[in-house]
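For what it's worth, this note's numbering labels the leading residue of the sequence shown as 169, then goes sequentially. Glycine included, C-beta positions come from ideal geometry on N, C-alpha and C. Just so we're clear, the structure is a prediction, and the values are computed from it rather than from any experiment.
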Amino acid sequence: MHSDYDATPGSALFPSGRPDGAQMVLLFSGEVVPWTWSIWNDPRFVDNESMARLSAAWMCHLDTPCTRMRWMQSRDWRVALLRASKSGSRDAAIAITQLLSYVTTSPWPPKSGSTPAVWSDLLLRSCWLAAQLLDPYHSWHVVATPTLMKSMCCIFVRCMIDRSSIEVQDAIIEALTHVDVGGLQGIIERLLDDKHSEFLLMLNSGVEALQRMIHTTAETQGPSTMQSIRLMMNFLTLCCNASLRLCSEISVSALLSTVTTCASKSGCSQLICHLLTTLSTIGDSRGNTSRTRKRFPGVGVNEIPWEIALSFPRSDLLVASCLASCVLAVDHLGSLRTSTIVGIWECLRDALLLILAENYVGDEALLGLLVAPTLCKGLGALLRQTGDELGNSFSDPERKTALTVTSIPKSDLGLVLSVG
Numbered sequence: 169m170h171s172d173y174d175a176t177p178g179s180a181l182f183p184s185g186r187p188d189g190a191q192m193v194l195l196f197s198g199e200v201v202p203w204t205w206s207i208w209n210d211p212r213f214v215d216n217e218s219m220a221r222l223s224a225a226w227m228c229h230l231d232t233p234c235t236r237m238r239w240m241q242s243r244d245w246r247v248a249l250l251r252a253s254k255s256g257s258r259d260a261a262i263a264i265t266q267l268l269s270y271v272t273t274s275p276w277p278p279k280s281g282s283t284p285a286v287w288s289d290l291l292l293r294s295c296w297l298a299a300q301l302l303d304p305y306h307s308w309h310v311v312a313t314p315t316l317m318k319s320m321c322c323i324f325v326r327c328m329i330d331r332s333s334i335e336v337q338d339a340i341i342e343a344l345t346h347v348d349v350g351g352l353q354g355i356i357e358r359l360l361d362d363k364h365s366e367f368l369l370m371l372n373s374g375v376e377a378l379q380r381m382i383h384t385t386a387e388t389q390g391p392s393t394m395q396s397i398r399l400m401m402n403f404l405t406l407c408c409n410a411s412l413r414l415c416s417e418i419s420v421s422a423l424l425s426t427v428t429t430c431a432s433k434s435g436c437s438q439l440i441c442h443l444l445t446t447l448s449t450i451g452d453s454r455g456n457t458s459r460t461r462k463r464f465p466g467v468g469v470n471e472i473p474w475e476i477a478l479s480f481p482r483s484d485l486l487v488a489s490c491l492a493s494c495v496l497a498v499d500h501l502g503s504l505r506t507s508t509i510v511g512i513w514e515c516l517r518d519a520l521l522l523i524l525a526e527n528y529v530g531d532e533a534l535l536g537l538l539v540a541p542t543l544c545k546g547l548g549a550l551l552r553q554t555g556d557e558l559g560n561s562f563s564d565p566e567r568k569t570a571l572t573v574t575s576i577p578k579s580d581l582g583l584v585l586s587v588g
């Protein structure tokens with residue numbers, strides 16, 4: 169044991185400073201750490217802190233320059249982690265699970281000599297590797313365990329409160345997308361029932377912190393604020409889609425109202441897309457709309473900012489597809505103003521026409537193929553629920569010109585619809 173050993177619980181987990189020569193030999197002379205993962209993958213070694221400490225030191229110094237080991241200088245930590253995990257993905261997943269479990273039970277940030285950069289690096293690399301291990305498109309992927317996902321959810325809300333690494337939160341969101349809805353529902357329910365995890369308290373604190381950030385930077389919405397909003401919207405979309413109970417436990421309605429105001433002022437199409445996705449998910453009519461409205465009357469489809477979404481160019485596929493999803497999530501469109509209904513119809517119709525006219529190229533063309541069925545379903549839902557309003561609006565001579573759009577030459581169609 170080193171003379172400067174700190175006996176604070178959890179402090180020894182995080183490396184402080186550059187490792188000495190003996191430690192470098194232990195960590196990087198061959199694949200020692202991945203080998204120990206397979207050796208320690210035994211029920212008798214459960215909660216062995218040595219495994220977590222060694223893994224943390226190895227991961228934090230993967231790209232540390234070392235003159236004695238020149239082969240380490242050009243190594244990318246992502247390549248090193250994947251190389252170490254492919255041969256024993258299950259062992260790696262268990263090691264990462266134990267490491268992240270120690271992170272969630274340790275002081276935040278750790279009360280040791282580790283710098284914020286080392287702390288952030290450890291979180292990023294651990295969560296990034298977990299996301300890769302859970303990716304079903306990899307032949308060596310593993311099934312998510314409740315312990316791993318609970319730890320990552322707690323780390324996400326802690327990072328949101330502290331406004332720390334955006335990359336860590338991105339990696340956690342990616343990992344959550346690899347978990348099926350049923351599995352994620354069980355994880356969220358356990359977190360809500362576990363009084364010792366403080367997940368709900370931290371999530372509420374994160375929501376309140378985000379609201380304060382939005383109000384504080386109301387006049388100058390920078391990239392960091394937009395990224396924080398995006399991440400929280402994505403997290404709420406995934407979690408609320410899995411467990412509606414979460415909506416009643418946190419101040420979702422107040423946050424969505426604040427984000428709506430922010431979206432109306434910023435004019436950012438990506439922000440409005442994330443907001444619409446969250447709203448349509450919470451108020452999804454495919455089995456949950458009535459139950460959602462009874463339990464959470466101020467949340468979801470009642471707060472959809474239709475007018476703000478309609479202010480964006482009709483050539484924006486993301487906005488159009490999100491609008492279509494919102495239409496499918498609402499079971500009473502008749503309460504909307506006729507002008508709003510017509511605006512939604514024209515937005516979805518024009519986006520579909522641009523796709524059919526092959527106006528998009530590259531990635532947008534592929535995106536058009538993906539969202540076209542959603543646009544068609546949205547148009548069909550509008551016709552079923554508001555056919556009379558649409559029919560009356562098109563009897564107006566000024567509206568009849570909209571029906572001639574198909575006669576416009578293909579070369580001019582994109583320009584006309586983008587302006588219109």
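Of the residues G354, D338 and S365, which one's Cα is nearest the Cα of M400?
Residue D338 is the option with its Cα nearest to M400.
Cβ shell of V336 (< 6 angstroms), same chain only, five flanking positions each side left out:
Contacts found: L291, L292, C295 and C327.
Within 7 angstroms, strictly: CB atoms of A252 and P304
Not in contact: A252 and P304 (Cβ atoms no closer than 7 angstroms).
Between L249, I264, T508 and P481, which has its C-alpha nearest H229's C-alpha?
The alpha carbon of H229 has as its nearest neighbour, out of L249, I264, T508 and P481, the alpha carbon of L249.
Simplified DSSP assignment, three categories, for L447:
Looking at L447 - three-state DSSP - the assignment turns out to be helix.
Find the nearest neighbour of L537 within the set K545, G546, G548 and L524, judged by alpha-carbon distance.
It is L524 whose Cα lies nearest to the Cα of L537.
Option nearest V349 by Cα separation, candidates I476, L444, L412 and L378
The candidate whose alpha carbon is nearest that of V349 is L412.
List the endpoints of the continuous alpha helix (DSSP H) containing P314.
Where P314 is concerned, the enclosing alpha helix (DSSP H) starts and stops at P314 to D330.
Length-filtered (3 minimum) beta strand (DSSP E) runs lying within the region 491 to 560:
None, since the region 491 to 560 contains no complete beta strand (DSSP E) of that length.
With a Cβ-Cβ cutoff of 7 angstroms, do S257 and I329 count as a contact?
No.
Does the distance from the C-beta atom of C490 to that of L444 stay below 7 angstroms?
Taking 7 angstroms as the Cβ cut-off, C490 and L444 qualify as a contacting pair.
For R609, which option in T265, D259, I262 and W226 has the closest C-alpha, if you only look at C-alpha atoms?
This structure cannot speak to residue 609, because the chain is shown only from 169 to 588.
Is it true that the region 296 to 316 meets the region 367 to 385, where meeting means three or more beta-carbon pairs spaced less than 8 angstroms apart?
Touching, no, given that fewer than three Cβ pairs across the two stretches are closer than 8 angstroms.
Simplified DSSP assignment, three categories, for E199:
DSSP places E199 outside both helix and strand once states are collapsed to three, so it counts as coil.
Could you check which residue in D231, A260 and R221 has the C-alpha nearest to that of I207?
Distance check between I207 and each of D231, A260 and R221 places A260 closest, using alpha-carbon atoms only.
Beta-carbon proximity check, C441 vs V487, cutoff 7 angstroms
Cβ atoms of C441 and V487: closer than 7 angstroms.
Selection from L404, S333 and I418 that minimises the alpha carbon distance to W287:
The option with the nearest alpha carbon to W287 is S333.
So, helix, strand or coil for T385, using DSSP?
T385: coil per DSSP, three-state reduction.
Tell me the rounded alpha-carbon separation between G546 and Q266.
Each residue's alpha carbon lies about 45 angstroms from the other.
Does the distance from the CB of T554 to the CB of L501 come in under 7 angstroms?
Yes, the Cβ-Cβ distance between T554 and L501 is below 7 angstroms.
Should D531 be labelled buried (16 or more other beta-carbon atoms within 10 Å of its own) or exposed?
Around the beta carbon of D531, a 10 Å sphere encloses fewer than 16 other beta carbons of the protein chains shown; the residue is thus reported as exposed.
Thinking just about the alpha-carbon of each residue, which of T405, L558 and A519 is nearest to the one in R482?
The alpha carbon of R482 has as its nearest neighbour, out of T405, L558 and A519, the alpha carbon of A519.
8 angstroms CB neighbourhood of L581 in its chain, flanking five on each side removed
Because L581 carries a pLDDT of 49, less than 50, the predicted location of this residue cannot be relied on, and the following value inherits that uncertainty. Contacts found: L521, L522, A525, N527 and V573.
Where C441 falls: helix, strand or coil (DSSP)
It is helical.
So, with DSSP's three-state summary, where would you put D362?
The DSSP-derived three-state label of D362 is coil.
For my contact list, C415 and I450 are in at a C-beta cut-off of 8 angstroms; report their separation, rounded to the angstrom.
Rounded to the nearest angstrom, the Cβ distance from C415 to I450 is 6 angstroms, consistent with a contact under 8 angstroms.
Tell me the rounded alpha-carbon separation between S421 and K254.
Cα-Cα distance, rounded: 43 angstroms.
Just verifying my parser: in three-state terms, what is the DSSP assignment at R482?
Of the three classes helix, strand and coil, the one that applies to R482 here is coil, per DSSP.
If I follow the unbroken alpha helix (DSSP H) through L250, where does it start and stop?
For L250, the uninterrupted alpha helix (DSSP H) run begins and ends at W245 to K254, by DSSP.
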